[in-house]
DNA sequence: TCTTGACTTAAAGTCGACTTTAACTAGTAG
DNA sequence: CTACTAGTTAAAGTCGACTTTAAGTCAAGA
C-alpha cells in the first residue's frame, strides 16, 4: 500500500504518516523505487494511534506502549503506563459527563450569567458559604 | 481575592490567569495599588474554563460561549456552538469507552503484537478480508 | 531603613504535533 | 518527448496554550 492509499483509508495526512515514521512511532516501511510500501498492519497501527490520541495519550506515551508490548513482566513500563492511563480515561469519562450536563444546563436555563448557571449546574449555590469546599 | 489566592483555590498558575486576561477570556479585574483583585465569580469562570477544556473546547470556543451567553436567539453563535459541542462530547465519551476496552484487552491478552491485539479488541479479524470496510 | 515576598509588565521562549516549502524523482498517459 | 501525478527529502514554519525572563513596584515585618 502506498502512502496516499493508506492516508485515504485511515484519514491521516501523508505528511503526518511521514512524521510518525520520523519520530519512530511506526516502523519504516519497505521502499520500492524509493517510495514507501506499507504492509496491511500499518492500518491497524495508525488506527491504534488515532484512538489512543483520542484517549489522551501523547505520541511519546503511544511509543512507550508500542515499544514495550507484549513484554508483560510486572512493573514493565508499558504495562504501568497502560494501567495509569486506564484510570485517567475513566476519570475523563466522568469529566465529560459533567461537561455534557453543564452544556444541557447552559442550553436550557434562564440564568443571567454563566457563573450563576455554572453554580446551579454544579449544585453549588453562589452567594452562600459552603463548608469544606 | 489576589491572584495568588485565586490560583491556589482553582489550581491554575498565576501566569495562566494573566494570560487568560490578556486574551480577553476573563474580565480584567479591579486593580488595587496596581494589583489584581478578583471577585468571587472569577472562581466560577475559571472552573468553567477548566471543565470546558477537559471537554475539548479550545479557548476561542470558550470565549464564544462567554461572550454570547445568555443571549439565546435561535441561531446564536454560542448556542450553535454549545449544541455542536454536546454532540462532540457524547461521541468522545463513546471513544473513551473504546479506549478503556482496548486498554483492558492489551493488559489481559496474550497476543504477539499490538496490531493483532487491536484486531481482537475491535472484533476485526486480521488476515481476513472484510467486505465494505 | 532594609529586606522579603508577592505582585506588575511586555516580550520572548517552549512544547507537542503537525504542516508547508522547495527542490527533486519516478512512473504513466497522450 | 512532454506533461502530469504522486511520491521523496530536510528544514523551516505554524498553532494553541502556556511559561519564563527581566526589570520593576509595593506593603509589611525586623
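Protein chains in written order, with this note's numbering: chain A, 534 to 666; chain B, 534 to 666.
Each residue gets a CB set at the ideal place from its N, CA and C atoms; glycine is no exception.
Measure how close the beta-carbons of residue i and residue j come, nearest whole angstrom, since I'm counting them as under 8 Å.
i	j	result
residue 570 of chain A	residue 562 of chain A	6 Å
residue 578 of chain B	residue 550 of chain B	Not a contact, Cβ separation roughly 10 Å.
residue 588 of chain B	residue 629 of chain A	6 Å
residue 623 of chain B	residue 633 of chain A	7 Å
residue 614 of chain A	residue 598 of chain A	7 Å
residue 647 of chain B	residue 553 of chain A	About 14 Å; that fails the 8 Å criterion.
Against residue i, what residues of chain A qualify as contacts under a CB-to-CB distance less than 9 Å, listed in chain order?
i	result
residue 606 of chain B	None at all; the shortest Cβ gap to chain A is about 13 Å.
residue 571 of chain B	Near residue 571 of chain B there are no residues of chain A at all, since even the closest Cβ is about 12 Å away, more than 9 Å.
Quick one: list the residues of chain B neighbouring residue i, beta-carbon separation under 9 Å, in chain order.
i	result
residue 602 of chain A	639, 644, 646, 647 and 650
residue 618 of chain A	632 and 636
Could you check which residue in the options has the C-alpha nearest to that of residue i?
i	options	result
residue 572 of chain B	B/584, B/545 and B/534	B/534
residue 538 of chain A	A/625, A/634 and A/576	A/576
residue 542 of chain A	A/631, A/618 and A/583	A/583
residue 605 of chain A	B/547, B/639 and B/606	B/639
residue 618 of chain A	A/644, A/586 and A/643	A/586
residue 600 of chain A	A/545, A/556, A/546 and A/649	A/556
residue 544 of chain B	B/568, B/567 and B/580	B/580
residue 692 of chain A	A/568, A/547, A/536 and A/590	Here chain A comprises residues numbered 534 to 666, so residue 692 of chain A is not present and cannot be evaluated.
residue 567 of chain A	A/536, A/596 and A/643	A/536
residue 641 of chain B	A/631, A/641 and A/616	A/616
Within 10 angstroms of the Cβ of residue i, are there 16 or more other Cβ atoms? Answer buried if so, exposed if not.
i	result
residue 651 of chain A	buried
residue 654 of chain B	buried
residue 565 of chain A	exposed
residue 635 of chain B	buried
residue 593 of chain A	exposed
residue 664 of chain B	Any reading at residue 664 of chain B needs caution, since the residue's pLDDT is 31, under 50, leaving its predicted position unreliable; the model's value is listed next. Looking at its Cβ environment, which holds fewer than 16 other Cβ atoms inside 10 Å, residue 664 of chain B is exposed.
Along chain B, which residues have their Cβ under 8 Å away from the Cβ of residue i?
i	result
residue 615 of chain A	636, 639 and 640
Kindly examine the ligand SAH and report whether one of its heavy atoms sits closer than 7 Å to the Cβ of residue i.
i	result
residue 574 of chain B	Ligands in the displayed structure: none, and consequently the ligand SAH is not present.
- Report the residues of the segment 621-643 of chain A with a CB closer than 9 Å to any CB of chain B, ordered along the chain. For chain B, the residues of the segment 621-643 of chain A that bring a beta carbon within less than 9 Å of one of its beta carbons are 622, 623, 625, 626, 628, 629, 630, 631, 632, 633, 635, 636, 637, 639, 640, 642 and 643, in chain order.
- Message: For the segment 571-594 of chain A, list every residue whose C-beta sits within 9 Å of some C-beta in chain B, in sequence order.
- Response: Residues are counted here when their Cβ sits less than 9 Å from a Cβ of chain B; for the segment 571-594 of chain A these are 573, 574, 575, 576, 577, 578, 580, 581, 584, 585, 587, 588, 589 and 590, given in chain order.
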